[in-house]
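Presented below is the structure to which this report refers.
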Amino acid sequence: MHEPTITLTNVSKKYVRQQALAPLDLSLDHNGIVGLIGPNGSGKSTLLKLMAGLAQPTTGSITLAGKKITRRASEHIAFLAEIDSLYSSHTVKEAIQFFDGATTDFSREKAEEMLDKLKVDLHQKIRRLSKGNRARVKLVLTLSRNVPILLMDEPLSGLDPLVREDILKMIVSYVDVEKQMVILSTHEVSEVEPFLDYVIFMKSGSVLLNEKVETLREERRINLVEVMREVLQ
Ligand SMILES: Nc1ncnc2c1ncn2[C@@H]1O[C@H](COP(=O)(O)OP(=O)(O)OP(=O)(O)O)[C@@H](O)[C@H]1O
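Written as structure tokens, this is what we have:
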């Protein structure tokens, strides 16, 4: 049996007053697209940040292919944050150059090909981009990394339907589902359902379900929104 890609053992996270994650055990060796779903405050962002090595668990340990995850995890894990981390004075091309210099696994060709497909002008300043095009650029910069794990915190949040559709299509087209795992948190359950291979449901800091979407459909014969109602109620 091969080792799960990410393993969380007895992991909990407590902020000053708030228990964000209850102690949990989780093994993720899924290849493909994983939807991380749960109500506001259920712990989705916290879980993603811990897996990316951007925050430390209060208890427990997280390993990637058997090695403890630290801040250096970013060498193997791409993280698309909810907040915008682009320099507004850069042009899109300069942002690509910056990311290319900051990581060893970045493909400039892939980034430029994707942006061309999305009709984003490489010479436009980041600050002049529409919200939708900023989101497209952020996604492209994440997808252009050749890493086994891509974590995306609410990549669809606050965007119009056309941008959301572009983002989901780009994820499906450019992720190598044989070799890469994408975990994306979202509230848009029915919209992402056709694109998901696995789903993780969270509530009150706990993981209630971690399952293949195909298995859920075969066993329950209902759609994901209905599964969510059953699981999270
Ligand atoms: N830096 C922080 N300091 C204090 N409490 C925090 C911090 N970050 C998150 N929390 C709290 O931890 C809990 C889990 O938050 P988290 O952001 O992980 O949930 P979420 O499922 O991503 O929520 P949402 O869907 O609203 O983005 C919440 O109660 C939140 O208020």
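Under full-length UniProt numbering, read the sequence shown as residues 1 to 233, first letter to last.
Backbone N, C-alpha and C fix where the C-beta goes; we use that ideal spot for every residue, glycine too.
Asked, Found
"In the segment 19 to 48, which residue ranges form an unbroken beta strand (DSSP E) of at least 3 residues, counting only runs that do not cross its ends?", "19 to 28 and 32 to 37"
"Beta-carbon within less than 7 Å of Leu-154's beta-carbon, same chain only, minus the 5 sequence neighbours each way: which residues are those?", "It is Glu, not Leu, that sits at residue 154 in the sequence shown. Cβ neighbours of Glu-154 beyond the five flanking positions: Glu-82, Ser-185 and Thr-186."
"Quick check on DSSP: helix, strand or coil for Glu-94?", "helix"
"Hey, which unbroken runs of the beta strand (DSSP E) at 3 residues or more fall wholly within the segment 55 to 83?", "59 to 64 and 77 to 80"
"Could you tell me whether the Cβ atoms of Ser-171 and Leu-139 are closer together than 9 Å?", "A small fix is needed here, since residue 171 is Ile in this sequence, not Ser. Closer than 9 Å, so yes."
"Put Leu-216 into one of helix, strand or coil per three-state DSSP.", "helix"
"Whose C-beta lies closer than 6 Å to the C-beta of Met-152 among residues of the same chain, with five residues either side of it excluded?", "Leu-80 and Leu-184"
"Just grab the DSSP bridge partners of Thr-186 for me.", "Ile-37"
"Given 8 Å as the limit, tell me if Ala-22 has its C-beta closer than that to any heavy atom belonging to ligand 1.", "no"
"List the endpoints of the continuous beta strand (DSSP E) containing Asp-153.", "149 to 153"
"Please enumerate, following chain order, all residues with a beta carbon closer than 5 Å to at least one heavy atom belonging to ligand 1.", "Tyr-15, Gln-18, Ala-20, Asn-40, Gly-41, Ser-42, Gly-43, Lys-44, Ser-45 and Thr-46"
"Between Leu-216 and the rest of its own chain, which residues show a CB-CB distance below 6 Å, the 5 nearest in sequence each way excluded?", "Val-227"
"Tell me which residues share the same chain as Val-137 and place their Cβ nearer than 8 Å to its Cβ, disregarding the 5 neighbours each side in the sequence.", "Leu-86, Val-92, Ala-95, Leu-115, Val-120, Ile-126 and Leu-129"
"DSSP state of Asn-10, grouped into three classes?", "strand"
"For His-123, which residues from the same chain have a beta carbon less than 8 Å from its beta carbon, with the 5 sequence-adjacent residues on both sides left out?", "Thr-91, Val-92 and Lys-93"
"Between Phe-195 and Asp-176, what straight-line distance do the alpha-carbon atoms span, to the nearest angstrom?", "13 Å"
"I'd like the span of the alpha helix (DSSP H) that includes Val-140, first residue to last.", "131 to 143"
"Helix, strand or coil for Tyr-87? Go by DSSP, reduced to three states.", "coil"
"Are Pro-148 and Ile-200 touching if we call contact CB-CB under 9 Å?", "no"
"In terms of alpha-carbon separation, which member of Glu-211, Gln-19, Leu-143 and Ser-61 lies closest to Gly-35?", "Glu-211"
"Look at the Cβ atom of Val-11, then the Cβ atom of Gly-60, and state whether they are nearer than 9 Å.", "yes"
"So, at 8 Å on beta carbons, what are the nonlocal neighbours of Met-1 in its own chain, with the 5 sequence-adjacent residues on each side left out?", "Residue placement at Met-1 is flagged as unreliable, the pLDDT there being 39, under the threshold of 50; a coordinate-derived value is accordingly withheld."
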